[in-house]
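To start, the structure itself, in structure tokens.
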Amino acid sequence: MQKLSTSMAVAWLTLGSAAIPALAWAEQGCETVKMADPGWSDIAATNAIAGFLLEGLGYKAKVDTLAVPIIFGGLKDGQVDVFLGNWMPAQQGFYDKFVANGEVTQLAKNLDGTEFTLAVPDYVWDAGVHDFNDLNPQADKFDRKLYGIGSGAPANLSLQEIIKKNEFDLGQWKLIESSEQAMLAEVSRAVKRQKFVVFLGWTPHPMNVQLKMHYLKGGEKYFGDTGSVYTLTRKGYAQACPNVGKLLTNLSFTQDLENSIMAEVANKKLSNAEAAKAWIKANPAVLEKWLDGVKTRDGKEALPAVQARM
């Protein structure tokens, strides 16, 4: 009996040690990755990339469209796992409130060289509007309207502060809040009529190709110069779900990548998922960096699993 017990113990130990690596990757509560989208084209594109990779690895990506303040609150409360759209310095106020005190984690930088400020069409630029200070002298032509994005967006809050403080003599102007798509539709209508219009613009975004536009100077106090985008997670997420955390840490994008996917969606009417998959299929070398040190959910090699989805 003693020999049998010893043999059985050895067998169990052998089986157990062999099972540990696979079980270690199957973290509890990590199968579904809860992501957020503020309704912006660039974040829809990067979410689609992340979703394609996650699903190839055996996870499920669940994306909810939420306003930016709700996203930060969701990260704090654990209702949102991941947000790929922490635009800085545009979201400095939210960073100070949630990230700086450790309630939300800034995991990694995923994009450099962004620009986010007021913009005008080329014919308005040619008429001498190059700076925030150039707006009010032609206030009547603009109907004293600044076209922003969704309510609660940090850029809108900056414009509201500018109006409240009468910066650049814009105290009598009005902020028009709407979705990104509605704002751009209004801008397109104004351009067709050659009407003066000033709106929030940013890069990367297809608007920079679809519209002949220029970014105004002078607003750096509120919008910064050039910026970066960061990946945020709920506190402790990368420790609780280290495999997904490693993938998210690896994920970085380029202006060309994001513009290409957004242009495919805008011009060819593809879904973001279809456009992301097509871009990855055409640029497979990027997978080696993104999947470095990452496994499938059940502990297998990541690269073959993701390649199989292409």
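Residue numbers (the UniProt record's numbering): 1 to 310.
Beta carbons: idealized from backbone N, C-alpha and C, even for Gly.
By the Cβ-count criterion, Val187 is buried, with 16 or more other Cβ atoms from all chains shown falling within 10 Å of its own Cβ. Annotation for Asp77: no beta strand (DSSP E) segment contains it, though the alpha helix (DSSP H) segment containing it runs Val68 to Asp77. Under the three-state reduction of DSSP, Ile149 is assigned to coil, being neither helix nor strand. Taken through DSSP and simplified to helix, strand or coil, Pro154 comes out as helix. With a cut-off of 8 angstroms on Cβ pairs, the region 43-57 is not in contact with the region 184-203, counting fewer than three such pairs. By the criterion of a C-beta distance shorter than 6 angstroms, Val129 is surrounded in its chain by Val120, once the five residues flanking it on both sides are discounted. In this structure, the CA atom of Ala67 is about 10 angstroms from the CA atom of Trp40.
Distance between Lys165 and Cys241, taken at the CA atoms: about 45 angstroms. When beta bridges are read from the DSSP output, Lys34 appears opposite Lys62. The beta-carbon separation of Gly93 and Leu157, rounded to 7 angstroms, stays under the 8 angstroms limit for a contact. Beta-bridge analysis with DSSP links Asn86 to Tyr230.
Ranking Ser271, Val294, Tyr237 and Gln194 by CA distance to the CA of Asp126 puts Gln194 first. In terms of CA proximity to Asn208, Thr114 leads the group Thr114, Leu170, Gly148 and Phe168. Between the region 143-156 and the region 239-254, the count of C-beta pairs closer than 8 angstroms stays below three; the two stretches do not touch. Inclusion of Arg189 and Val80 in the CB contact set at 8 angstroms is not warranted, their separation being larger than that value.
Trp202 sits close to Phe116, with the two beta carbons spaced by under 8 angstroms. Three or more beta-carbon pairs drawn from the region 268-286 and the region 33-48 are found closer than 8 angstroms, and the two stretches are therefore classed as touching.
Annotation for Glu115: the continuous beta strand (DSSP E) segment containing it runs Val104 to Pro121.
Residue nearest to Pro204 within the set Asp143, Leu257, Cys30 and Val63 is Leu257 (criterion: CA-CA distance).
With respect to the 8 angstroms criterion, Asn250 and Lys289 are classified as neighbours on the basis of their beta carbons. In the DSSP assignment, Trp40 falls outside any beta strand (DSSP E) and carries neither an H nor an E. DSSP, read as helix, strand or coil, puts Phe196 in coil. For Tyr215, the enclosing beta strand (DSSP E) covers residues Met213 to Tyr215. Shown here for Gly245: same chain residues with a beta carbon closer than 8 angstroms to its own, the five before and five after excluded, namely Leu107, Thr233, Tyr237, Ala238 and Gln239 in chain order. For the pair Gln307 and Gly299, the Cα-to-Cα distance works out to about 16 angstroms. Look at Leu270 here: in three-state DSSP terms it is coil, with no helix or strand label. Gly224 and Ala139 have their alpha carbons spaced roughly 24 angstroms apart. Just measuring C-alpha positions, the residue of Met88, Leu135 and Pro38 sitting nearest Glu180 is Pro38.
A residue is called buried once 16 or more other Cβ atoms fall within 10 Å of its Cβ, and Thr231 is buried on that count.
Non-local C-beta neighbours of Ser178 in its own chain, meaning closer than 8 angstroms and more than five positions away in sequence, comprise Tyr147, Gly148, Ile149, Gly150 and Glu186, ordered along the chain. In this structure, Lys76 and Glu103 form a Cβ contact; the two beta carbons are roughly 5 angstroms apart against a cut-off of 8 angstroms. By the C-beta density criterion, Arg297 is buried, having at least 16 other C-beta atoms within 10 angstroms. For Leu175, there is no enclosing alpha helix (DSSP H); the residue is part of the beta strand (DSSP E) that begins and ends at Lys174 to Ile176.
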